[in-house]
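> Before I ask anything, let me first share the structure, which is written out below as structure tokens.
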Amino acid sequence: MSGHGAIKQLTAKPEALTVEWANGAVAEFASLWLRDNLPEDRDPHSGQRLIDVADLPERPRIRAAAVRGDSLCVEWESEPRPASFRLDWLASQACGAGEQRPEYSARRWLRGASLDASRDFARASFGEFNGDRRRRLAWLTRLLQEGVAFLGGVPSNDAAILEAVQPVARVLETNYGLVFDVRSVPQPENLAYSDLGLGLHTDNPYRDPVPGFQALHALRSSPDGGDSLFADGYALADHLRSTDPEAFALLTQTPVPFQYRSRDADLYSERPLIQLSCRGEVRAVHYNSRSIAPLHLSSRDGAAFYAAYRRFAMLLRDPQYQLKFKLADGDLVVFDNQRILHGRTAYSSAKHARHLRGCYLTRDSVYGATAVLRRSLDGERR
Numbered sequence: 002m003s004g005h006g007a008i009k010q011l012t013a014k015p016e017a018l019t020v021e022w023a024n025g026a027v028a029e030f031a032s033l034w035l036r037d038n039l040p041e042d043r044d045p046h047s048g049q050r051l052i053d054v055a056d057l058p059e060r061p062r063i064r065a066a067a068v069r070g071d072s073l074c075v076e077w078e079s080e081p082r083p084a085s086f087r088l089d090w091l092a093s094q095a096c097g098a099g100e101q102r103p104e105y106s107a108r109r110w111l112r113g114a115s116l117d118a119s120r121d122f123a124r125a126s127f128g129e130f131n132g133d134r135r136r137r138l139a140w141l142t143r144l145l146q147e148g149v150a151f152l153g154g155v156p157s158n159d160a161a162i163l164e165a166v167q168p169v170a171r172v173l174e175t176n177y178g179l180v181f182d183v184r185s186v187p188q189p190e191n192l193a194y195s196d197l198g199l200g201l202h203t204d205n206p207y208r209d210p211v212p213g214f215q216a217l218h219a220l221r222s223s224p225d226g227g228d229s230l231f232a233d234g235y236a237l238a239d240h241l242r243s244t245d246p247e248a249f250a251l252l253t254q255t256p257v258p259f260q261y262r263s264r265d266a267d268l269y270s271e272r273p274l275i276q277l278s279c280r281g282e283v284r285a286v287h288y289n290s291r292s293i294a295p296l297h298l299s300s301r302d303g304a305a306f307y308a309a310y311r312r313f314a315m316l317l318r319d320p321q322y323q324l325k326f327k328l329a330d331g332d333l334v335v336f337d338n339q340r341i342l343h344g345r346t347a348y349s350s351a352k353h354a355r356h357l358r359g360c361y362l363t364r365d366s367v368y369g370a371t372a373v374l375r376r377s378l379d380g381e382r383r
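Under my numbering, think of the first position of the sequence shown as 2, with each following residue one higher.
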């Protein structure tokens, strides 16, 4: 064994083990954590845990530890059975499970105007995506890293969008159905179904859960207007944090009500405009000026919130942060609806019909499909 999985030095104390790996990295494993992760306490078929934390000793103490072959053997005081941990598994836990997966390493892109949609983001033909699994994995990985990716040459028919996304994820059915048509109609219940330009936004913040990803397939593109706009909400939120931390804090702490009503739907949810993870990292952006409901704030709190809200809105309007391009007939774009804000320029349906077909994808299924595909391809290499 070599690299990160080989141990150079091992120090055992009752409360923890300290491991220095061959590559110089150092990791500490608490005795209680090791006791909680005994391989024999997991079902050998499913891998699920067979015990609960209440079954563990409160303060297990390590008596001895030694490397034996490709495993680390540990003995505890007051317990008859020793334990064995594979070194490669321990090394992977030292790195952090999420850090090992490239799709969890978000690549932020702030100044979208300087980027080219066909050059700077993942793009594949419909045939390549379906026929080459390694090409599909590379495409999916970049989709999750950068938040947006493109397919070209998707057949211009109503069923093609579901065929295209089938290898990517599960489709989320909403009150709009499995799929929805984005085109101009008289008296639209949603302004997306009009000729109007739409400012940058995320879809359905009034829904719980918010749709994770969205796919849009261009069946007919307008030659005059109807250009697509995208911006990286993660990068913009981080930019706001660095330039106006007070405004950023307000937008992460203030619950914002969102509402949507139509003939057959009445949806409501509250969430901050910028949502953080447990580690304080930007996890989601929820911004939709068309569906924000009246805020329930005092005059003083409202004034501070609106100032922060306006500050963020002005960033979204700044053209330097917007990736602008026109989808051609047969193009399909998939994007992270909790990260990437999207919009469009106005167009005239009386002059040129424009028709996109869309659907929403569950967030966990996109990540899951990527992980399963990578695991399958890794298995083929061995």
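All residues carry an ideal CB built from backbone N, CA and C; glycine is no exception. Only a predicted model underlies this, so the values are computations on that prediction, with no experimental measurement involved.
1) DSSP three-state call for arginine 358: helix, strand or coil?
2) By Cβ distance, which residues of its chain are closer than 8 angstroms to proline 258, with the 5 residues on each side in sequence left out?
3) Report buried or exposed for tyrosine 288, applying the criterion of at least 16 other Cβ atoms within 10 angstroms of its Cβ.
4) Going by DSSP in three states, glycine 99 sits in which element: helix, strand or coil?
5) Whole angstroms are fine: how far does the CA of alanine 248 sit from the CA of alanine 309?
6) Please state whether DSSP places glutamate 381 in a helix, a strand or coil.
7) Could you please give the first and the last residue of the uninterrupted beta strand (DSSP E) stretch that includes aspartate 233?
8) Is it right to say serine 377 is buried, meaning 16 or more other beta carbons lie within 10 angstroms of its own, or is it exposed?
9) Rounding to the nearest angstrom, what Cα-Cα distance links asparagine 38 and glycine 48 in this structure?
10) For glutamine 339, name the three-state secondary structure that DSSP assigns.
11) Are the CB atoms of isoleucine 162 and histidine 202 nearer to each other than 9 angstroms?
12) Let me check one thing: in DSSP terms, what residues is glutamate 21 bridge-paired to?
13) What are the uninterrupted segments assigned as beta strand (DSSP E) that are 3 or more residues long and contained completely in the stretch 184-221, given in chain order?
14) I need the DSSP call for aspartate 117, collapsed to helix, strand or coil.
15) In this structure, how does DSSP classify aspartate 182 when only helix, strand and coil are distinguished?
16) For glycine 4, does the count of other Cβ atoms within 10 angstroms reach 16, so buried, or fall short, so exposed?
17) Does DSSP put proline 258 in a helix, in a strand, or in coil?
18) Leaving out the 5 sequence neighbours to the left and right, which residues in its chain are closer than 6 angstroms to glycine 369 when beta-carbon positions are compared?
19) Would you identify the three-state DSSP class for serine 3, choosing helix, strand or coil?
20) By Cβ distance, which residues of its chain are closer than 7 angstroms to histidine 353, with the 5 residues on each side in sequence left out?
21) Where arginine 311 and asparagine 158 are concerned, what is the direct C-alpha to C-alpha distance, given to the nearest angstrom?
22) By Cβ distance, which residues of its chain are closer than 7 angstroms to serine 1, with the 5 residues on each side in sequence left out?
23) Tell me whether tyrosine 177 sits in a helix, a strand or coil according to DSSP, three-state version.
24) Between the beta-carbon of leucine 362 and the beta-carbon of glycine 213, is there less than 9 angstroms?
25) Roughly how many angstroms lie between the CA atoms of alanine 7 and leucine 237, to the nearest whole one?
26) Do you know offhand how far alanine 304's Cα is from leucine 251's?
27) Is isoleucine 293 helix, strand or coil by DSSP?
28) How many angstroms separate the CA atom of glycine 234 from the CA atom of alanine 55?
29) CA-CA distance, arginine 134 and aspartate 228?
30) What separation, rounded to the nearest whole angstrom, lies between the Cα atoms of cysteine 74 and phenylalanine 86?
31) CA-CA distance, serine 266 and asparagine 176?
On the basis of the data shown:
1) One-based indexing of the sequence shown puts residue 358 at position 357. For arginine 358, the three-state secondary structure derived from DSSP is strand.
2) Position 257 of the sequence shown holds residue 258. Excluding positions up to five away in sequence, the list reads Tyr269, Ser270, Glu271, Ile293, Ala294, Pro295, Leu296 and His297.
3) Here residue 288 refers to the residue found at position 287 of the sequence shown. It is buried - the Cβ of tyrosine 288 has at least 16 other Cβ atoms within 10 Å.
4) Reading the sequence shown from its first residue, position 98 is the one you call residue 99. For glycine 99, the pLDDT reaches just 48, beneath the cut-off of 50, and the residue's location in the model is therefore unreliable, although a value from the coordinates is still provided. In this structure, glycine 99 counts as helix in the three-state DSSP scheme.
5) Your numbering for residue 309 matches position 308 in the sequence shown. Your numbering for residue 248 matches position 247 in the sequence shown. About 4 angstroms.
6) Translated into the one-based positions of the sequence shown, residue 381 becomes position 380. In the displayed model, glutamate 381 falls within a helix according to three-state DSSP.
7) Walking along the sequence shown from the start, residue 233 turns up at place 232. Per DSSP, the unbroken beta strand (DSSP E) holding aspartate 233 starts and ends at 229-233.
8) Counted from its first residue, the sequence shown places residue 377 at position 376. Exposed, by the Cβ-count rule.
9) Taking the first residue of the sequence shown as position 1, residue 38 is located at position 37. Taking the first residue of the sequence shown as position 1, residue 48 is located at position 47. Going from the Cα of asparagine 38 to the Cα of glycine 48 covers about 11 angstroms.
10) The sequence position of residue 339 within the sequence shown is 338, counting from 1. Three-state result, glutamine 339: coil.
11) Residue mapping note: residue 162 aligns to position 161 of the sequence shown, counting from 1. Residue mapping note: residue 202 aligns to position 201 of the sequence shown, counting from 1. Going by C-beta atoms, isoleucine 162 is not nearer than 9 angstroms to histidine 202.
12) The sequence position of residue 21 within the sequence shown is 20, counting from 1. Looking at the DSSP output, glutamate 21 shares a beta bridge with Gln10 and Val27.
13) You should have 199-202 and 214-221.
14) The residue labelled residue 117 in the question sits at position 116 within the sequence shown. Correct three-state label for aspartate 117: coil.
15) What you label residue 182 is simply residue 181 of the sequence shown in a count that begins at 1. Of the three classes helix, strand and coil, the one that applies to aspartate 182 here is strand, per DSSP.
16) As a first step, residue 4 is located in the sequence shown; it is residue number 3 there, counting from the start. Caution is warranted here: a pLDDT of 45 is assigned to glycine 4, below 50, making its placement in the model unreliable, and no coordinate value can be reported.
17) The residue you call residue 258 lines up with position 257 of the sequence shown. Three-state result, proline 258: strand.
18) Stepping through the sequence shown from its first residue, residue 369 is reached at position 368. Nothing listed; no residue qualifies.
19) Taking the sequence shown and counting its residues from 1, one reaches residue 3 at position 2. Residue confidence is low: serine 3 scores 40 on pLDDT, short of 50, so the model does not pin down where it sits. Its coordinate-derived value is still stated next. Correct three-state label for serine 3: coil.
20) As a working mapping, residue 353 is identified with position 352 in the sequence shown. Cβ within range, chain order: Ser223, Pro224 and Asp225.
21) Position 310 of the sequence shown holds residue 311. Position 157 of the sequence shown holds residue 158. Spanning the two alpha carbons is a distance of roughly 41 angstroms.
22) Outside the shown range of the chain (2 to 383) lies residue 1, about which nothing can therefore be said.
23) Translated into the one-based positions of the sequence shown, residue 177 becomes position 176. Tyrosine 177 falls in the coil class under three-state DSSP.
24) For the purposes of this step, residue 362 is identified with residue 361 of the sequence shown, where counting begins at 1. For the purposes of this step, residue 213 is identified with residue 212 of the sequence shown, where counting begins at 1. For leucine 362 and glycine 213, yes; Cβs fall inside 9 angstroms.
25) For the purposes of this step, residue 7 is identified with residue 6 of the sequence shown, where counting begins at 1. For the purposes of this step, residue 237 is identified with residue 236 of the sequence shown, where counting begins at 1. The straight-line gap from Cα to Cα measures roughly 41 angstroms.
26) The residue labelled residue 304 in the question sits at position 303 within the sequence shown. The residue labelled residue 251 in the question sits at position 250 within the sequence shown. Rounded to whole angstroms, alanine 304 and leucine 251 show a C-alpha spacing of 11 angstroms.
27) Taking the first residue of the sequence shown as 1, we reach residue 293 at position 292. In the three-state DSSP reduction, isoleucine 293 falls in the strand class (E or B).
28) The residue you call residue 234 lines up with position 233 of the sequence shown. The residue you call residue 55 lines up with position 54 of the sequence shown. As the crow flies, the alpha-carbon of glycine 234 is around 42 angstroms from that of alanine 55.
29) Residue numbering aside, residue 134 sits at position 133 when the sequence shown is read from its first letter. Residue numbering aside, residue 228 sits at position 227 when the sequence shown is read from its first letter. Those two C-alpha atoms are separated by around 31 angstroms.
30) Stepping through the sequence shown from its first residue, residue 74 is reached at position 73. Stepping through the sequence shown from its first residue, residue 86 is reached at position 85. Straight-line Cα distance between these residues: approximately 6 angstroms.
31) Within the sequence shown, the letter at position 265 stands for residue 266. Within the sequence shown, the letter at position 175 stands for residue 176. Rather than serine, the amino acid found at residue 266 in this sequence is alanine. Answer to the nearest angstrom: the Cα atoms are 7 angstroms apart.
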